[in-house]
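In terms of numbering that gives the first Met the number 0, the sequence shown has 660 at position 661, counting the first letter as 1, and numbering is strictly consecutive. All residues carry an ideal CB built from backbone N, CA and C; glycine is no exception. Please read these numbers as outputs of a predicted model, since none were measured by experiment.
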Amino acid sequence: MGKEYLFIDEKEGLDRVDGKMKVTGKAKYAAEHHPAGLVYAILVNSAATKGRIKSIDTKKAERAAGVIKVITHANAPKVPGYENAPRTGGNPEKGPTLGQPLRIFHDDTIYFNNQPIAMVIADTLERAMHAATLVKAEFDTETFSTNLAANAAKGVPPSNAGRALYKRGDADAYKNAEVQVEQNYVLAREVHNPMELHSLVAIWDGDDKVKVYEKTQGVKSSQRAIMDAFKLPEANVQVIAEYVGGGFGAALRTWPHTIAAVLGAKAVKRPVKLMLTREQMFTLVGYRPMTVQKIGLGATKDGKLTGITHEAVAETSMYEEFTEGTVNMSKFLYECPNVNTVYKILPLDISTPTWMRGPGEATGAWALESAMDEMAYALNMDPIEFRLKNYAERDPERNLPFSSKFLKECYQKGAEQIGWFKRNRQPRSMQEDGWLVGYGMSTGTFGAGRGRASVRGTLSADGTMTIQSAVSDSGPGTATAMTEIAANRMGLPPQKIIFELGDSSMPPGPTQGGSTTTSTLGSAVVDVSEAIKKKMFELVAKEGRGFASAKYEDLSFSRGEISQANGRGAKIAYTELLRKNNLPSIEITLNSQGGNERDRYSMYSFSVHFVIVRVHPTTGVVRVHRAVGVSDAGKIVSRKTAESQAIGGVVGGIGMALMEDAVIDHRFGRYVNSNLADYHVPVHADVPKIEALFIDKPDPHTNPMGSKGLGEIALIGFAAAVANAVYHATGKRIRELPITPDKLTG
């Protein structure tokens with residue numbers, strides 16, 4: 000088939016199709032829906048960290064002005080899905096975890112500090128907030144433990160033992176190597192903290208039908224959770240998330256507060272709005288778990304790795320097992336005959352963690368890539384040279400070829416851009432304007448997957464193409480990328496493409512997470528576009544007019560017209576074709592998924608991060624002066640949104656490296672900085688010039704676009720690059736994140 004006409008400049012990319020709605024305030028987020036009769040819910044939290052509710056007094060709250068109902072475990076209506084829920088995650092807030100997710104208001108047990116123990120519903124937000132302060136509780140407390148660092152040795156393998164241990168060759172082979180590095184690396188707890196607080200509006204229609212406006216990264220998964228909780232058929236639960244103000248992983252699960260609000264709306268028979276407070280965001284919607292890691296590397300004197308050992312202990316809650324791929328990267332990133340990994344979890348009296356951008360791979364890369372830098376210095380080798388000497392041309396874990404891998408090009412392109420080889424390699428040898436200057440780099444990788452998605456494509460007689468899918472867009476620009484794919488595949492200007500999303504009544508789309516949305520949903524958009532074009536081909540072939548003997552592959556679909564690919568012969572506009580056939584539209588709904596590619600290839604995206612830091616020698620203040628990121632993410636589908644993803648990943652990485660640390664006072668099991676004044680995240684003054692570069696070579700096996708995921712690798716490895724640059728600047732190796740001034744001056 001002839002090349003489609005591209006209405007979008009590949010170098011510039013398309014502006015965000017939802018940009019105007021967002022900047023003019025017309026975009027409606029979950030909490031901005033105000034149905035008639037709306038009332039407001041506020042959660043009351045436990046001051047105890049572990050134990051039971053001895054008594055709870057709600058009388059003053061119930062008598063307060065405007066209060067409609069106060070719900071506690073003592074009077075909460077039964078949630079059908081809670082009853083007899085198995086301890087394998089089989090209740091409404093289930094995720095891919097083991098244990099029993101928290102059943103809100105189900106009993107008097109306290110598992111963590113700030114756990115919801117009551118919900119006040121009132122006719123105004125202010126009245127609900129006031130009444131919540133009037134709820135008083137007493138507790139029978141128990142001894143608790145919230146300190147991972149002091150108890151890491153007590154970590155245990157997760158129930159899924161297959162994820163806990165891996166061995167290739169000999170275990171701990173690094174101990175017999177000519178050159179050895181063995182170090183521990185600590186990552187502090189990080190909280191997602193998107194600007195939009197988690198919120199929802201629940202509206203019941205009778206006793207068996209509910210509509211929920213929800214902040215969620217998974218429209219269909221949230222629908223399923225509510226269906227399971229209240230034992231409702233799919234047709235009776237509608238979840239809408241047209242706009243989502245950042246998720247970063249916190250909105251991948253349906254958390255207990257959602258079930259509470261839906262329950263409250265049913266109890267009072269009025270629409271209920273619930274929005275978490277910033278403090279509640281620290282405990283009720285997950286966080287990146289604190290993790291302690293040990294890396295052992297062994298190498299020959301000429302720099303060949305002979306052994307890698309990677310051990311990790313991460314925190315989880317007492318009632319639920321949360322696990323992630325912290326040690327996965329060490330299994331395959333480098334060519335090494337002897338690799339063993341150990342992953343453990345430590346149940347503590349805290350709420351359940353969850354995935355955060357880059358998930359466990361970002362945690363693991365911090366340790367592995369810091370250790371790789373340490374080994375490079377021990378060998379007196381350039382860190383890039385050391386990595387290239389141990390470059391894996393084939394996946395050593397699965398013994399499969401990579402579907403594509405252009406990591407060498409990433410090293411080369413980034414090094415040239417930042418002037419890597421012009422630096423003085425000696426630590427603490429470079430200064431500028433009274434600041435110590437350091438260069439650092441590291442590698443990132445994440446699986447490049449493709450899932451299953453359904454879309455509905457409708458080509459209307461007016462020449463517009465509407466695509467619908469029950470997917471949400473939590474920030475990466477999904478609607479824009481899908482518009483670009485459809486425009487190019489259909490040969491239509493982007494102004495003629497309408498992408499509708501965020502409604503569970505649409506064909507099921509993927510949950511937005513794990514860098515798979517563009518690959519999964521984009522493939523479905525390609526498939527439905529091809530199906531519509533083939534339907535048009537059937538119409539023109541039947542009609543004749545110079546197309547009777549034409550083959551589909553000989554036709555060009557561009558500028559809204561069908562013509563011979565060679566530019567000769569007949570042509571007909573899409574609009575004319577539908578009009579001649581008395582068709583108001585061509586509508587096709589289809590399912591799309593990959594084949595057995597994963598059985599034949601190892602599929603990963605790769606990135607390399609380069610940074611220049613400046614460190615004040617007296618105060619220990621660290622500034623990221625410049626950042627260059629190079630991504631091997633296959634064919635770049637949407638240039639502007641890809642650059643935004645890469646830049647956003649660096650901003651998050653600055654927070655991870657230098658600032659973010661959710662601190663618990665272990666005497667009380669309570670956060671002391673659960674606010675954005677004391678929990679520091681990067682602001683404009685902290686963000687330097689960020690250069691996002693792409694190899695932009697298609698992967699021939701992942702999907703029809705040749706794209707691979709980008710969102711995760713934009714962050715994975717960045718913190719290690721900063722730590723390595725700090726070492727180059729100061730000669731001091733910091734192995735506990737975040738790198739705060741006291742660690743450099745103490």
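| The alpha helix (DSSP H) with Phe487 in it runs from where to where? | Reading the sequence shown from its first residue, position 488 is the one you call residue 487. For the record, residue 487 in the displayed sequence is Asn; it is not Phe. Element bounds for Asn487: Thr477 to Met489.
| Looking only at its own chain, which residues have a Cβ that is under 8 angstroms from the Cβ of Gly512, when we skip the five neighbours before and after it? | Taking the first residue of the sequence shown as 1, we reach residue 512 at position 513. Only residues of its own chain outside the window of five on either side were considered, and among them Gln216, Gly217, Gly246, Gly248, Leu251 and Trp354 have a CB closer than 8 angstroms to the CB of Gly512, listed in chain order.
| For Phe401 and Met602, the rounded distance between their alpha carbons | The residue given as residue 602 occupies position 603 in the sequence shown. The residue given as residue 401 occupies position 402 in the sequence shown. So the two alpha carbons sit approximately 6 angstroms from each other.
| query | Within the chosen definition, does the stretch 98–118 reach the stretch 41–53 through at least 3 CB pairs nearer than 8 angstroms? | reply | Taking a cut-off of 8 angstroms on C-beta distances, the stretch 98–118 touches the stretch 41–53, as three or more cross pairs fall below it.
| field | Boundaries of the alpha helix (DSSP H) in which Tyr342 is found, first to last residue | value | Within the sequence shown, residue 342 is the residue found at index 343, counting from 1. Tyr342: not part of any alpha helix (DSSP H); member of the beta strand (DSSP E) spanning Val338 to Leu347, first to last residue.
| task | Just the C-alpha distance for Lys208 and Ala117, rounded to the nearest angstrom, thanks. | result | Mapped onto the sequence shown, residue 208 falls at position 209. Mapped onto the sequence shown, residue 117 falls at position 118. If you draw a straight line from the Cα of Lys208 to the Cα of Ala117, it comes to about 25 angstroms.
| said: My output table needs one value for Leu147: the three-state DSSP class, helix, strand or coil. | reply: Your numbering for residue 147 matches position 148 in the sequence shown. Correct three-state label for Leu147: helix.
| Span of the beta strand (DSSP E) holding Asn44? | Within the sequence shown, residue 44 is the residue found at index 45, counting from 1. Element bounds for Asn44: Val38 to Asn44.
| field | Cα-Cα separation between Ala391 and Pro681, rounded to whole angstroms | value | Translated into positions along the sequence shown, residue 391 becomes position 392. Translated into positions along the sequence shown, residue 681 becomes position 682. Answer to the nearest angstrom: the Cα atoms are 35 angstroms apart.
| request: Taking Val746 as the reference, give the member of Pro687, Ala172, Ile239 and Asn183 with the closest Cα. | output: The first residue shown for the chain is 0 and the last is 745, placing residue 746 beyond what the model contains.
| message | Once DSSP output is grouped into helix, strand and coil, what is the label at Gly633? | response | For the purposes of this step, residue 633 is identified with residue 634 of the sequence shown, where counting begins at 1. In the structure shown, Gly633 sits in a strand (DSSP, three-state: E or B).
| request: Would you list the residues sitting across from Ile466 in a DSSP beta bridge? | output: Taking the sequence shown and counting its residues from 1, the one referred to as residue 466 is at position 467. In the DSSP secondary-structure assignment, Ile466 is bridged to Gly456 and Phe498.
| message | Taking the alpha carbon of Glu195 as the reference point, which residue from Lys27, Arg625, Glu586 and Val312 has its own alpha carbon closest? | response | As a first step, residue 195 is located in the sequence shown; it is residue number 196 there, counting from the start. Across the set Lys27, Arg625, Glu586 and Val312, the C-alpha of Lys27 shows the shortest separation from the C-alpha of Glu195.
| task | Return the CA-CA distance between Ser584 and Gln563, expressed in angstroms with no decimal places. | result | For the purposes of this step, residue 584 is taken as the residue at position 585 of the sequence shown. For the purposes of this step, residue 563 is taken as the residue at position 564 of the sequence shown. About 23 angstroms.
| task | Using DSSP bridges, identify the partner residues of Ile120. | result | Position 121 of the sequence shown, counted from the first residue, corresponds to residue 120. Its beta-bridge partners are Ala40 and Lys68.
| message | On the DSSP letters alone, give me the boundaries of the beta strand (DSSP E) that Trp365 sits inside. | response | Looking up residue 365 in the sequence shown gives position 366. Here Trp365 belongs to no beta strand (DSSP E); instead the alpha helix (DSSP H) covers Pro358 to Ala377.
| query | Are Lys412 and Leu692 close, meaning C-beta to C-beta below 9 angstroms? | reply | Taking the sequence shown and counting its residues from 1, the one referred to as residue 412 is at position 413. Taking the sequence shown and counting its residues from 1, the one referred to as residue 692 is at position 693. Yes, the pair counts as a contact, with Cβ atoms nearer than the cut-off.
| Closest by C-alpha distance to Lys166, when choosing among Gln179, Glu310 and Gly36 | As a working note, residue 166 is residue 167 in the sequence shown. Closest by alpha carbon: Glu310.
| request: Report all residues from its chain with a CB closer than 7 angstroms to the CB of Met658; omit the five preceding and five following residues, and keep chain order. | output: As a first step, residue 658 is located in the sequence shown; it is residue number 659 there, counting from the start. Exclusion of the five residues before and after Met658 leaves His679, Val680, Pro681 and Pro737 as the residues of its chain whose Cβ lies within less than 7 angstroms of its Cβ.
| field | Thr442, enclosing beta strand (DSSP E) - first and last residue | value | Locating residue 442 in the sequence shown gives position 443, counting from the first residue. Trp434 to Gly446 is the span of the beta strand (DSSP E), which, as asked, contains Thr442.
| task | State buried or exposed for Glu552, treating a residue as buried only when at least 16 other CB atoms are found within 10 Å of its CB. | result | Walking along the sequence shown from the start, residue 552 turns up at place 553. That one is exposed.
| request: Can you check the stretch 564–598 for any alpha helix (DSSP H) of at least 4 residues that lies completely inside it and give the ranges in chain order? | output: Runs found: 573–579.
| Which first and last residues belong to the alpha helix (DSSP H) in which Glu529 is found? | Sequence index remark: in the sequence shown, residue 529 carries index 530 (1-based). That run of the alpha helix (DSSP H) goes Thr516 to Glu542.
| query | Given Thr744, which residues of its chain have a CB within under 6 angstroms of its CB, disregarding the five upstream and five downstream residues? | reply | As a first step, residue 744 is located in the sequence shown; it is residue number 745 there, counting from the start. Excluding residues within five positions, the ones whose Cβ falls inside 6 angstroms are Gly619.
| Alpha carbon of Arg188 to alpha carbon of Val636, nearest angstrom | Locating residue 188 in the sequence shown gives position 189, counting from the first residue. Locating residue 636 in the sequence shown gives position 637, counting from the first residue. Rounded to the nearest angstrom, the two C-alpha atoms are 34 angstroms apart.
| Buried or exposed by the 16-neighbour rule on C-beta atoms within 10 Å, applied to Val757 | Here the chain covers residues 0 to 745 and nothing more, so residue 757 does not appear.
| task | Evaluate Lys330 with the Cβ neighbour count: other Cβ atoms within 10 Å of its Cβ, from every protein chain shown; 16 or more gives buried, anything less gives exposed. | result | Numbered from its first residue, the sequence shown carries residue 330 at position 331. With 16 or more neighbouring CB atoms inside 10 Å of its own CB, Lys330 falls in the buried class.
| query | Considering only C-alpha positions, which residue in the set Ala485, Arg578, Met317 and Gln99 is nearest to Gly154? | reply | The residue labelled residue 154 in the question sits at position 155 within the sequence shown. Distance from the Cα of Gly154 is smallest, within the candidate group Ala485, Arg578, Met317 and Gln99, for Met317.
| Assigned secondary structure, Ser473 (DSSP; H/G/I helix, E/B strand, else coil) | As a working mapping, residue 473 is identified with position 474 in the sequence shown. DSSP places Ser473 outside both helix and strand once states are collapsed to three, so it counts as coil.
| query | Alpha carbon to alpha carbon, what distance is there between Pro270 and Pro34? | reply | Residue 34 sits at position 35 when you count from the first residue of the sequence shown. Residue 270 sits at position 271 when you count from the first residue of the sequence shown. Distance between the alpha carbons of Pro34 and Pro270 is about 7 angstroms.
| query | Among the residues of its own chain, which have a CB less than 6 angstroms from the CB of Met380, if the five just before and after it don't count? | reply | Within the sequence shown, numbered from 1, the residue matching residue 380 stands at position 381. Cβ neighbours of Met380 beyond the five flanking positions: Gly302.
| task | Find the nearest neighbour of Glu690 within the set Arg599, His608 and Met128, judged by alpha-carbon distance. | result | Looking up residue 690 in the sequence shown gives position 691. It is His608 whose Cα lies nearest to the Cα of Glu690.
| query | Are the beta-carbon atoms belonging to Ala460 and Leu520 less than 9 angstroms from one another? | reply | To locate residue 460, count along the sequence shown from 1; it is residue 461. To locate residue 520, count along the sequence shown from 1; it is residue 521. For the 9 angstroms CB-CB criterion, Ala460 and Leu520 do not form a contact.
| message | For Ser316, report the span of its beta strand (DSSP E) as first-last. | response | As a first step, residue 316 must be located in the sequence shown, where it is residue number 317. From DSSP, the beta strand (DSSP E) with Ser316 extends over Leu304 to Ser316.
| Buried or exposed by the 16-neighbour rule on C-beta atoms within 10 Å, applied to Ile733 | Position 734 of the sequence shown, counted from the start, is the residue given in the question as residue 733. The C-beta of Ile733 has 16 or more other C-beta atoms within 10 Å across all chains shown, which makes the residue buried.
| message | In this structure, how does DSSP classify Phe420 when only helix, strand and coil are distinguished? | response | Within the sequence shown, numbered from 1, the residue matching residue 420 stands at position 421. Three-state result, Phe420: helix.
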